[in-house]
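For the sequence shown, my numbering begins at 1 and goes up steadily by one. Think of the CB as a built atom: it goes at the ideal place given N, C-alpha and C, for glycine as much as any other residue. Quantities reported herein were computed from a predicted structural model and do not represent experimental measurements.
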Amino acid sequence: MKKIVVAVDGYSSCGKSTIAKQLAQYAGYTYVDTGAMYRAVALYIYEEWNGLRPTETDLVRFEDLSDEEMTAFLNEHIHISFIQTDNGQHVCLNGEDVESRIRTLETGNLASQVSTIGAVRRFLVAQQQKMGEEKGIVMDGRDIGTVVFPGAELKLFLTASAEVRAQRRYLELREKGGNPVFEDVLRDVEDRDYRDTHRAESPLKQADDAIVIDNTNMTREEQMQKVTELFESIVKGTSKNV
Ligand code: DC
1 MKKIVVAVDG
11 YSSCGKSTIA
21 KQLAQYAGYT
31 YVDTGAMYRA
41 VALYIYEEWN
51 GLRPTETDLV
61 RFEDLSDEEM
71 TAFLNEHIHI
81 SFIQTDNGQH
91 VCLNGEDVES
101 RIRTLETGNL
111 ASQVSTIGAV
121 RRFLVAQQQK
131 MGEEKGIVMD
141 GRDIGTVVFP
151 GAELKLFLTA
161 SAEVRAQRRY
171 LELREKGGNP
181 VFEDVLRDVE
191 DRDYRDTHRA
201 ESPLKQADDA
211 IVIDNTNMTR
221 EEQMQKVTEL
231 FESIVKGTSK
241 NV
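Right, here's the structure in full:
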């Protein structure tokens, strides 16, 4: 059966990674969480270095470096990879498993900031495109169907109301042992939506040929059924998208 590229885009906390992982497992495809890559870059730049870079004479803010300096810095210092563990896929930064460190509200916010920088996007998009060269991949993010793989055979765009997404995120943070305040989580979801859709570089937007799935009132099972039907119709060549 032919292998395809599946792009899963959408707002934060609307279940992209859950559905992308499930579909990858169903299809026997590789799953790539591009948000984890932005989070790992943010972790390095802002948490390990407090947003500052040493130059020959002083410390400068990462954002004040020129585009070339940023690119050179990223290529030299940041190596991102994924490993499979008993708890699923984990992201590694320079060989260290940083999965638990990147899954915080703070790092999510820093990732949203760092993802507005053109040099960072180009650095990560090039790696993502390489990962999909052989197809057989399900990749989730914000710009997969528009920038990373504009030719993806199946493009999904997930959405749900901000309140429902904040509620899901709130429960997730609590399950991880956190003590979040719902209003903070909601504000955070809304802020990120705004930043993700208004940034100059590759803003989150639906590809013209993406299929929109609003899962506000859908169960995971209903959503998965819809997605597998779409996937099957494309790999078997019965979809008009082919
Ligand atoms: O999906 P996530 O919450 O882990 O993503 C973290 C941030 O990274 C999010 O605010 C937007 C950014 N991001 C992006 O700009 N492009 C992607 N392909 C993936 C994530």
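Proximal residues to residue i (C-beta, below 6 Å), its chain only, five neighbours per side dropped
i: residue 1; result: 235
i: residue 206; result: 157
i: residue 180; result: 170 and 173
i: residue 199; result: 116
i: residue 165; result: 13, 14 and 189
Neighbour-count burial assignment, residue i, 16 or more Cβ in a 10 Å radius
i: residue 208; result: exposed
i: residue 75; result: exposed
i: residue 142; result: buried
i: residue 196; result: buried
i: residue 176; result: exposed
i: residue 182; result: exposed
i: residue 178; result: exposed
i: residue 260; result: Any answer about residue 260 is impossible in this case: the structure gives the chain only from 1 up to 242.
i: residue 107; result: buried
i: residue 83; result: exposed
i: residue 10; result: buried
i: residue 145; result: buried
Heavy atom of ligand 1 within 6 Å of residue i beta-carbon
i: residue 111; result: yes
i: residue 192; result: yes
i: residue 237; result: no
i: residue 188; result: no
i: residue 58; result: no
i: residue 44; result: no
i: residue 174; result: no
i: residue 34; result: yes
i: residue 170; result: no
i: residue 12; result: yes
i: residue 31; result: no
i: residue 165; result: no
i: residue 28; result: no
i: residue 141; result: yes
Same chain, Cβ closer than 8 Å to residue i, neighbours up to 5 away in sequence not counted
i: residue 127; result: 37 and 80
i: residue 194; result: none
i: residue 20; result: 6, 8, 31, 33, 138, 139 and 140
i: residue 131; result: 30, 32, 137 and 139
i: residue 129; result: 148 and 149
Contact set for residue i: own chain, Cβ-Cβ below 7 Å, skip 5 residues either direction
i: residue 121; result: 115, 201 and 202
i: residue 98; result: 40, 43, 91 and 92
i: residue 125; result: 147 and 148
i: residue 215; result: 14, 15, 158, 160 and 223
i: residue 218; result: none
i: residue 102; result: 36, 39, 40, 43 and 91
i: residue 119; result: 67, 70, 71 and 74
i: residue 48; result: none
i: residue 110; result: 42 and 46
Cβ distance (whole Å) where residue i is taken to contact residue j below 8 Å
i: residue 230; j: residue 211; result: 6 Å
i: residue 17; j: residue 192; result: Not quite, the Cβ-Cβ distance comes to about 15 Å (not below 8 Å), so this is no contact.
i: residue 4; j: residue 135; result: 6 Å
heavy atom of ligand 2 below 6 Å from residue i C-beta
i: residue 184; result: Among the ligands present in this structure, namely ligand 1, ligand 2 is not found.
Practice problem: Within the segment 106 to 182, note down every full alpha helix (DSSP H) run reaching 4 residues or more, in order along the chain. | Solution: Taken in chain order, the complete alpha helix (DSSP H) segments of 4 or more residues contained in the segment 106 to 182 are 118 to 131 and 162 to 175.
Practice problem: Entirely within the segment 42 to 83 and at least 3 residues each: give me those beta strand (DSSP E) ranges in chain order. | Solution: 52 to 54 and 59 to 61
Practice problem: Return the chain-ordered ranges of every alpha helix (DSSP H) run that is complete within the segment 11 to 44 and spans a minimum of 4 residues. | Solution: If only uninterrupted alpha helix (DSSP H) runs of at least 4 residues are considered, those enclosed by the segment 11 to 44 are 16 to 27 and 34 to 42.
Self-check item: Complete runs of the beta strand (DSSP E) confined to the segment 190 to 242 [at least 3 residues]
Solution: Fully contained in the segment 190 to 242 are the following beta strand (DSSP E) runs of length 3 or more, in chain order: 211 to 214.
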